[in-house]
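In what follows, a structure is listed as structure tokens, so that the remarks can point back to it.
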Amino acid sequence: MELGQFALVAALALLAGFVFGLFSAGGALILIPILNGLLHVPFRQAGSATLLIQAITGSVTAVQHARHGNLRPAPALPMLIGTALSSFLAGKWVPKVPQEVLIGLFGGMVLLAVAMLHRRRGGEEGGKSRASWPVQMLVGFAISFLPALVGIGGGFLYVPALYTLCALGIHQAAGTAMLLVVVTCVMGVSGRILSHEQIPLSLVLIFSVMTVVSSGLGARTARTLSAPRLKAAFSIFLALLGAYYVGKAVYDRASLWQPPPGKLLVLPTGAASVRALAQPHRTIG
Numbered sequence: 135m136e137l138g139q140f141a142l143v144a145a146l147a148l149l150a151g152f153v154f155g156l157f158s159a160g161g162a163l164i165l166i167p168i169l170n171g172l173l174h175v176p177f178r179q180a181g182s183a184t185l186l187i188q189a190i191t192g193s194v195t196a197v198q199h200a201r202h203g204n205l206r207p208a209p210a211l212p213m214l215i216g217t218a219l220s221s222f223l224a225g226k227w228v229p230k231v232p233q234e235v236l237i238g239l240f241g242g243m244v245l246l247a248v249a250m251l252h253r254r255r256g257g258e259e260g261g262k263s264r265a266s267w268p269v270q271m272l273v274g275f276a277i278s279f280l281p282a283l284v285g286i287g288g289g290f291l292y293v294p295a296l297y298t299l300c301a302l303g304i305h306q307a308a309g310t311a312m313l314l315v316v317v318t319c320v321m322g323v324s325g326r327i328l329s330h331e332q333i334p335l336s337l338v339l340i341f342s343v344m345t346v347v348s349s350g351l352g353a354r355t356a357r358t359l360s361a362p363r364l365k366a367a368f369s370i371f372l373a374l375l376g377a378y379y380v381g382k383a384v385y386d387r388a389s390l391w392q393p394p395p396g397k398l399l400v401l402p403t404g405a406a407s408v409r410a411l412a413q414p415h416r417t418i419g
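Just so we're aligned, residue 135 is where the sequence shown starts under the numbering used here, counting upward by one.
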């Protein structure tokens with residue numbers, strides 16, 4: 135990697151970390167467009183790199199949550215098991231999914247993240263009752279498959295699930311969700327590696343270091359700005375980003391579609407038949 139390329143990658147990594155710290159969310163939603171759209175990394179590789187970056191940076195964040203007493207793995211153990219299994223299967227399945235489908239799913243997940251960003255925030259007391267082990271495991275399996283498939287952590291899905299099903303307060307749900315994000319990323323990457331997916335390790339290293347460095351600056355900057363305006367600006371940005379990727383997926387899919395060869399003969403033949411019927415018939419006599 136040349137010096138100019140390194141400087142560009144480092145600057146983009148610092149930007150991604152700053153945005154993550156500024157909004158306390160959306161790390162993967164920013165990383166994939168940067169890697170795929172700006173650095174021209176193939177979408178599957180961008181997803182694999184993003185999972186590995188989040189596994190590293192998420193581990194640092196999870197330790198910070200643990201120090202503040204907001205990491206509660208025991209109540210969420212069934213969900214962790216379901217998440218681990220589902221994420222691994224999703225990683226193994228990635229090579230079988232067309233790239234335009236992955237792009238469309240990513241756009242849909244971004245739009246879902248916008249909707250979840252504006253959900254009503256729960257109180258600190260948490261859910262009234264804890265769901266059974268099978269229910270938690272099934273929910274963990276269900277909500278982690280698509281995030282692992284497209285290459286994001288899925289924290290915006292885990293927080294409300296932990297709050298509702300595991301009787302955790304909102305801060306404990308947020309802290310424990312980071313552990314589920316790490317599990318999703320580690321197991322998703324493991325499945326991809328076993329499926330012989332390539333990962334740009336040099337980019338992973340640079341982004342991991344720079345993201346950790348700049349996320350703290352973003353968090354400090356957020357305290358000096360208007361939270362509602364930040365949320366609105368971030369939502370608009372994500373909505374445009376999600377709409378772009380959904381539109382791109384539809385366009386790419388339509389460009390690849392071709393009608394079956396047999397049906398190409400039907401229209402000309404049918405048109406010729408109509409013209410023949412429309413012509414006046416000559417009679418003998």
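All C-beta atoms, glycine included, are put in the ideal place defined by N, C-alpha and C.
C-beta atoms of residue i and residue j nearer than 9 Å
| i | j | result |
| --- | --- | --- |
| ALA383 | GLY171 | no |
| LEU313 | LEU186 | no |
| ALA183 | PHE341 | yes |
| SER220 | ALA282 | yes |
| LEU236 | LEU372 | no |
| THR345 | GLY161 | yes |
| ILE168 | ILE286 | no |
| LEU239 | VAL175 | no |
| VAL231 | ARG326 | no |
| ALA147 | VAL343 | yes |
| GLY151 | THR195 | no |
| LEU149 | LEU375 | no |
Minimum Cβ-Cβ distance from residue i to chain D less than 9 Å
| i | result |
| --- | --- |
| GLN306 | Reference to chain D is not applicable here, since this structure consists of a single protein chain. |
Other residues of its chain near residue i: CB distance less than 7 Å, five sequence neighbours each side excluded
| i | result |
| --- | --- |
| GLY333 | Gly is not the amino acid found at residue 333; the sequence shown has Ile there. Contacts found: GLN179, SER182, ALA183, LEU186. |
| PHE177 | ASN170, GLN233, LEU236, ILE237 |
| VAL338 | ALA183, LEU186, ILE187 |
Distance cut-off 8 Å: residue i Cβ against heavy atoms of the ligand FMN
| i | result |
| --- | --- |
| LEU148 | Looking at this structure, you won't find the ligand FMN or any other ligand, since it has none at all. |
8 Å contact criterion, which residue i and residue j should meet: CB distance rounded
| i | j | result |
| --- | --- | --- |
| VAL329 | LYS226 | The identity of residue 329 in the sequence shown is Ser, whereas the question assumes Val. 5 Å between Cβ atoms; contact. |
| VAL143 | LEU173 | 7 Å |
| CYS300 | GLN270 | 7 Å |
Sequence-distant residues of its chain with Cβ nearer than 6 Å to residue i (five each side left out)
| i | result |
| --- | --- |
| GLU234 | ALA383, ASP386, ARG387 |
| ALA377 | none |
| GLY274 | MET213, GLY216, THR217 |
| MET321 | ALA218, SER221, PHE222 |
| SER266 | none |
| ALA307 | VAL293, LEU296, TYR297 |
| TYR379 | ILE237, PHE240, GLY241 |
| GLY138 | none |
Residues of its chain near residue i, where Cβ-Cβ distance is below 8 Å and the 5 sequence neighbours each way are ignored
| i | result |
| --- | --- |
| VAL323 | SER182, LEU185, LEU186, ALA189, GLY225, ILE333 |
| LEU272 | GLY216 |
- the region 344-351 in contact with the region 240-248 per 3-pair CB rule at 8 Å: no
- Message: Please give the ranges of any alpha helix (DSSP H) in the region 320-372, keeping only runs that are unbroken, at least 4 residues long and fully inside the region.
- Response: 335-356
- Completely contained alpha helix (DSSP H) runs for the region 171-236, where each covers 4 or more residues: 177-201, 211-227
- Any contact of the region 290-299 with the region 309-323, i.e. 3+ C-beta pairs under 8 Å? yes
- Query: What are the start and end residues of each continuous alpha helix (DSSP H) run of 4 or more residues lying completely inside the region 236-317, in chain order?
  - Reply: 267-284, 289-299
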